[in-house]
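Numbering (this note's numbering), first residue to last: 35 to 190.
Quick reminder that beta carbons are idealized off the backbone N, C-alpha and C, glycines included.
For clarity, every value in this text was computed on a predicted model and none was experimentally measured.
Here is the structure we will look at.
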Amino acid sequence: MSRVLTFVLCLMAGAVHAGAPDQDARRLFEEGRAAFMAGRFVESALHFEAAADRRPHAASHLMAARSWESADRPDHAADAYARALEAGGLADDARREAEQRLTSLERALGIAQVTSTDARGEPLRVQLNDGREVPTPARLHGPPGTHTLTIRMPSG
């Protein structure tokens, strides 16, 4: 039996994938690039995120962020810029871009920080609205308003 807890919360404003051995990740990255060039930004972002799921890489997160921003989804873009910075390994100019874009986006977004673990100290998995499900600790972004935070225990 799956146990998923859902909470409603309110947020306030103010506050090149080279050398990947995983062919699936490389294919997804290239599909993301093609979708981006064709102006299919949501599709592009989803491909870049899938590539990062297969083989975590800052470039995949950065391209997902650019795609989400082009799709006018600043909350998803901010999450992806933060993941790109956390992953490390970005060139200096790309790192500065990610930091500047994240700072700019956060001026209009609320931030939910979730740091809990289960009783054994295992990270929980959390999702804000229709964003990606990520392990805790997590820093999630959302526009001002009411949101749904879904929390999944490690046991499912």
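Query raised in the report: Whose C-beta lies closer than 7 angstroms to the C-beta of Ala112 among residues of the same chain, with five residues either side of it excluded?
Result: Leu136, Leu139, Glu140, Leu143 and His175.
Requested in this report: Could you check which residue in Asp58, Pro171, Thr184 and Pro188 has the C-alpha nearest to that of Glu120?
Outcome: The residue among Asp58, Pro171, Thr184 and Pro188 with its C-alpha nearest the C-alpha of Glu120 is Pro171.
Query raised in the report: So, using beta-carbon positions, are Phe63 and Ser94 closer together than 8 angstroms?
Result: Going by C-beta atoms, Phe63 is nearer than 8 angstroms to Ser94.
Query raised in the report: Count the other CB atoms within 10 Å of the CB of Leu39; is the residue buried (16 or more) or exposed (fewer)?
Result: Caution applies to Leu39, whose pLDDT of 40 falls short of 50 and renders its modelled position unreliable; the model cannot decide the point.
**Report entry** Cβ-based burial, Ser101 [other Cβ within 10 Å; buried from 16]
**Finding:** Buried, since its Cβ has 16 or more Cβ neighbours within 10 Å.
Report task. Using beta-carbon positions only, say whether His181 and Leu162 come within less than 8 angstroms of one another. Result -> Yes, the pair counts as a contact, with Cβ atoms nearer than the cut-off.
**Report entry** Contacts around Thr149, its chain only, beta-carbon distance under 7 angstroms, and the 5 residues preceding and following it disregarded
**Finding:** So the list reads Thr170 and Pro171, once near-sequence residues are dropped.
Requested in this report: Tell me whether the beta-carbon of Ala85 lies closer than 8 angstroms to the beta-carbon of Glu77.
Outcome: For Ala85 and Glu77, no; Cβs fall outside 8 angstroms.
Report task. Could you round the C-beta distance between Pro178 and Glu156 to whole angstroms and report it? I think they count as a contact, below 8 angstroms. Result -> Wrong, their Cβ atoms sit about 32 angstroms apart, outside the cutoff.
Query raised in the report: Are there 16 or more other CB atoms within 10 angstroms of the CB of Glu167, so buried, or fewer, so exposed?
Result: By the neighbour-count criterion, in which a residue is buried when 16 or more other Cβ atoms sit within 10 angstroms of its Cβ, Glu167 is exposed.
**Report entry** Arg173 in three-state terms, based on DSSP
**Finding:** If DSSP states are grouped into helix, strand and coil, Arg173 belongs with the strands.
Query raised in the report: If you follow the alpha helix (DSSP H) that Gly66 is part of, which residue opens it and which one closes it?
Result: Per DSSP, Gly66 belongs to the alpha helix (DSSP H) from Gln57 to Met71.
Query raised in the report: For Leu124, which option in Arg173, Arg67 and His91 has the closest C-alpha, if you only look at C-alpha atoms?
Result: That would be His91, whose Cα lies nearest to the Cα of Leu124.
Query raised in the report: Near Gly122, which residues of its chain fall below 8 angstroms by C-beta distance, leaving aside the five closest residues on each side in sequence?
Result: Ala92, listed in sequence order.
Requested in this report: Give me the Cα-Cα distance between Gly66 and Pro108, rounded to the nearest whole angstrom.
Outcome: Gly66 and Pro108 have their alpha carbons spaced roughly 18 angstroms apart.
Query raised in the report: Expressed to the nearest angstrom, what Euclidean distance is found between the alpha-carbon atoms of Ala61 and His81?
Result: A small fix is needed here, since residue 61 is Arg in this sequence, not Ala. Going by C-alpha positions, Arg61 is about 9 angstroms away from His81.
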